[in-house]
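Enquirer: As given, the protein sequences belong to chains X and Z, one line each in that order.
Position one of the first sequence corresponds to residue 1 (UniProt numbering), numbered consecutively onward.
Position one of the second sequence corresponds to residue 1 (UniProt numbering), numbered consecutively onward.
All C-beta atoms in this analysis are idealised placements derived from N, C-alpha and C, irrespective of residue type, glycine included.
Mind having a look at this structure? Questions to follow.
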Amino acid sequence: MNWWDDVMHRAVAEVVLVGALTGLIGVQVVVRRLSFFTMALTHATFPGVVAASIIGVNLLLGGVVTGAVVALGVAALTRRRGQDAAAATGVLVSGGFALGAALVATQSGFSRDLSSFLVGSILTVSASDLVVTVAVLAVVALVLVFCARPLLYAGFDPVGARASGIRAGGWDVVLLLTIVLVVVTVVPAVGTILALSLIVAPAAAARLWSDRLPVATVLAATFGVASGLAGLWVSSRWNVAAGASISLAATAVLVLSWGLRRAVRA
Amino acid sequence: MATAALRLTGVSVGYSGTPVVTGVDLELRPGQRLALVGPNGAGKSTLIKAVLGLAAILEGTATVLDRTPARARALTGYVPQTGNLDPDFPVSVRQVVMMGRYRQLGWWRPARAADRRAVAEALDRVGLADRAGHRFGLLSGGQRQRVLLARAIAAQPRLLLLDEPFNGVDAVSQEAIVRVLRELSAAGAALVLSTHDLAVARDLADLVCLINGRQWAVGTPAETLTAKPLRQTYGSSAIDLADGRMVLVEP
């Protein structure tokens, strides 16, 4: 019997990978103030995932396609109207979710699985899910390392970046699509609703501890992994839904960091 | 070499087909300092962005160092207003100045000794060598402006454009910026800066362009910063003092 034939082993491996992945991208989300966009994304990929499951194609693909449409739509809106994309993003949150729920309702006997979309099912992670998560983790890490300069410049000073010949709008799209990829990858494990907390909370906590992007990123990945493992342990110990306990663990890391930081400064 | 650093001929600039400034005619030679003077919303920033190739030129021709604006980007530098930047962004002063070297560095090639030296020298020139490790957002407004100037210097531009470089800037920083700007133009760089401060324009500029929706006057400070063109540009908020000097008041 292989190591990964054990359900619990696979779950542990997946939370470690997902924790690292969400931590890596989370710092970009927090620093660029894209939390609300990411929330819209988690909800808007929902109908894509449901549709993919109805027509029997890969769920990841369904999520990526709808996510990419949303990301490009938001990028276009932001470009045209400055920072005022919040209203459209808000509509996407509820609209996307409603579409997903409507699609679910059309399928009799399907609603049983609805909760697994919402809060994930870490214990049903397959070996191929693990492979996909490893691949996405590698892609995201490569993007963040090799495109660090244009992403930093475009994020900090988009007009200055454009003046120096960097296509800031193009790099925004690269970042948004990377976020889409992460969201879609982690949704099967922690669900559409809970993915956001695992992306934002460890990163926000890491930002409290470091002003340096690389340090904050490593710290966020560490917090993400710790939240995942702690949540999984709590889940198996007290029989709580894994996605929920992982989210709560991530939230606890943020609250603890905030409290400790205040205590240190005081 | 008699090449103009910047030549605008009958230029109108704007966004999505709507003109913001029209009828701009001017020529700036290497080593000269041009002040764009006009009230808020006059189109000074838009004109600067057009010279950088970031706003559309709707009419006329713009030549930057014998090239189109977009093609001249490798030779131009830009100092934005600090107020538009997020002070919470986790980026150090050194990192911001290093952005000025990205064009030479490319995406991922590690910074070489020459790049680090250029960054250190640029920070030294603006008097902030001791702040290299600080977070950008923790500096004062004037210090941030000096960091952005250092970033532009690190790229060694032949034409430097500054958008309201003295807005909300303390006296020490203003003095440091003025000194560096004089050094740069003495070394042959052409400068364009927007301002609504007539004293700055009179003191610093070789050439003044008065704009408010259109170009109202262009020439030396003595020719342009006088009652008639200022009243045309600013309307009733330009007040003629008894000694022949002009002041601007808020409308």
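Give the range of the alpha helix (DSSP H) segment to which Z/Glu121 is assigned.
Expert: First-last of the alpha helix (DSSP H) with Z/Glu121: 113–125.
Enquirer: Quick check on this structure: which residue in Z/Asp163, Z/Ile177, Z/Val64 has the alpha carbon closest to the alpha carbon of Z/Arg125?
Expert: Checked all of Z/Asp163, Z/Ile177, Z/Val64; the closest Cα to Z/Arg125 is Z/Ile177.
Enquirer: Among all the DSSP beta bridges, which residues are the ones paired with Z/Ala217?
Expert: Per DSSP, Z/Leu210.
Enquirer: Using beta carbons (cut-off 8 Å, strictly below), is Z/Met1 in contact with chain X?
Expert: At Z/Met1, the pLDDT of 48 sits below 50, so the modelled position is not reliable; the number obtained from the coordinates is stated separately. Output row for Z/Met1: interface = no.
Enquirer: What runs of the beta strand (DSSP E), each 3 residues or longer, lie entirely inside the region 135–218 of chain X?
Expert: With a minimum length of 3 residues, no continuous beta strand (DSSP E) run stays inside the region 135–218 of chain X.
Enquirer: Since X/Ala221 and X/Leu24 are thought to touch, with beta carbons under 8 Å apart, how far apart are those beta carbons, to the nearest angstrom?
Expert: With a Cβ gap of about 5 Å, X/Ala221 and X/Leu24 count as contacting.
Enquirer: Note down the Cα distance separating Z/Leu85 from Z/Ala113, rounded to an integer number of angstroms.
Expert: If I take the Cα positions, the gap works out to 29 Å.
Enquirer: Nearest CA to the CA of Z/Asp163: which residue from Z/Ile48, Z/Ser16, Z/Ala190, Z/Ala62?
Expert: Among Z/Ile48, Z/Ser16, Z/Ala190, Z/Ala62, the Cα nearest to that of Z/Asp163 belongs to Z/Ile48.
Enquirer: Strictly under 8 Å for the Cβ-Cβ distance: is X/Ser164 near chain Z by that measure?
Expert: Closer than 8 Å to some Cβ of chain Z, the Cβ of X/Ser164 qualifies, so yes.
Enquirer: So that I know if they touch, is there some Cβ in chain X lying closer than 8 Å to that of Z/Arg103?
Expert: Interface residue, yes.
Enquirer: According to DSSP, is Z/Ala132 helix, strand or coil?
Expert: If DSSP states are grouped into helix, strand and coil, Z/Ala132 belongs with coil.
Enquirer: Who are the neighbours of Z/Arg135 on chain X, taking C-beta pairs under 9 Å?
Expert: Neighbours of Z/Arg135 on chain X, chain order: Asp211, Arg212.
Enquirer: Determine, using beta carbons only, whether Z/Ser92 and Z/Arg135 come nearer to each other than 8 Å.
Expert: Going by C-beta atoms, Z/Ser92 is nearer than 8 Å to Z/Arg135.
Enquirer: Which word fits Z/Ala199, buried or exposed, when buried means at least 16 other C-beta atoms lie within 10 angstroms of its C-beta?
Expert: With fewer than 16 Cβ atoms within 10 Å of its Cβ, Z/Ala199 is classed as exposed.
Enquirer: Taking Cβ positions only, does X/Ala216 come closer than 8 Å to chain Z?
Expert: It does; some Cβ of chain Z falls within 8 Å.
Enquirer: Assuming X/Gly26 and X/Ala44 make a contact with CB atoms under 8 Å, what is their CB distance in whole Å?
Expert: The pair is not a contact, with the Cβ atoms about 19 Å apart (cut-off 8 Å).
Enquirer: Quick one: what does DSSP say X/Pro47 is sitting in, helix, strand or coil?
Expert: Helix.
Enquirer: Taking a contact to mean a Cβ-Cβ separation below 8 Å, would you say Z/Ala56 touches Z/Gly14 in this structure?
Expert: In contact: Z/Ala56 and Z/Gly14 (Cβ atoms closer than 8 Å).
Enquirer: So is Z/Lys228 buried or exposed if we call it buried at 16+ other beta carbons inside 10 Å?
Expert: By the 10 Å Cβ count, Z/Lys228 comes out exposed.
Enquirer: In chain X, which residues lie with their C-beta within 9 Å of the C-beta of Z/Leu54?
Expert: Correct list: Val159, Arg162, Ala163.
Enquirer: For X/Ser197, which residues of its own chain have a beta-carbon under 7 Å away from its beta-carbon, when the five flanking residues on both sides are left out?
Expert: Excluding sequence neighbours, X/Ser197 sits near Ser247, Ala250, Thr251.
Enquirer: If you draw a straight line from the alpha carbon of residue 255 of chain Z to that of Z/Pro39, how long is it in whole angstroms?
Expert: This structure cannot speak to residue 255 of chain Z, because chain Z is shown only from 1 to 251.
Enquirer: X/Gly231 to X/Ile54, Cα distance in whole Å?
Expert: Distance between the alpha carbons of X/Gly231 and X/Ile54 is about 31 Å.
Enquirer: Taking only beta-carbon atoms, is X/Val65 less than 8 Å away from chain Z?
Expert: X/Val65 does not count as touching chain Z.
Enquirer: Count the other CB atoms within 10 Å of the CB of X/Arg265; is the residue buried (16 or more) or exposed (fewer)?
Expert: Exposed: under 16 other Cβ atoms inside 10 Å.
Enquirer: Taking Z/Val208 and Z/Ala201 to be in contact with their CB atoms under 8 Å, please state how far apart those CB atoms are, rounded to whole angstroms.
Expert: Confirmed, Cβ separation roughly 5 Å.
Enquirer: Please list the partners that Z/Met246 has in chain X, where partner means a Cβ-to-Cβ separation under 8 Å.
Expert: Neighbours of Z/Met246 on chain X: none; closest Cβ ~32 Å, over 8 Å.
Enquirer: At a CB-CB cut-off below 9 Å, which residues of chain X make contact with Z/Ala74?
Expert: Going along chain X in sequence order, the residues near Z/Ala74 (Cβ under 9 Å) are Ser164, Gly165.
Enquirer: To be precise: take each residue of the region 145–159 of chain X, compare its Cβ to all Cβ atoms of chain Z, and keep it if any distance is under 8 Å. Which residues remain?
Expert: From the region 145–159 of chain X, only Val145, Phe146, Cys147, Ala148, Arg149, Pro150, Leu152, Tyr153, Gly155, Phe156, Asp157, Val159 have a Cβ closer than 8 Å to chain Z.
Enquirer: Using a Cβ-Cβ cut-off of 8 Å (strictly less than) and excluding sequence neighbours within five positions of X/Leu130, which residues of its own chain qualify?
Expert: Only Trp4, Arg10, Ala13, Glu14, Leu17 meet the Cβ criterion.
Enquirer: Taking the alpha-carbon of Z/Leu26 as reference, which of Z/Gln215, Z/Val247, Z/Gln104 has the nearest alpha-carbon?
Expert: Selected option, being the one with the closest Cα: Z/Gln215.
Enquirer: May I ask which residues mark the beginning and end of the alpha helix (DSSP H) holding X/Ala242?
Expert: Start and end: 242–265.
Enquirer: Specify the secondary structure class of Z/Asp25 as computed by DSSP and reduced to three states.
Expert: Reduced to three states, the DSSP call for Z/Asp25 is strand.
Enquirer: Output the distance between the C-alpha atoms of Z/Met1 and Z/Leu65, rounded to the nearest integer angstrom.
Expert: Residue placement at Z/Met1 is poorly supported in this model, since its pLDDT is 48, which falls under 50; the coordinates are not used for a value here.
Enquirer: According to the Cβ coordinates, are Z/Val21 and Z/Gly43 closer than 8 Å?
Expert: In contact: Z/Val21 and Z/Gly43 (Cβ atoms closer than 8 Å).
Enquirer: Quick one: residues in its chain with C-beta nearer than 8 Å to the C-beta of Z/Pro90, no 5 flanking neighbours on either side, listed in chain order?
Expert: Excluding positions up to five away in sequence, the list reads Arg135.
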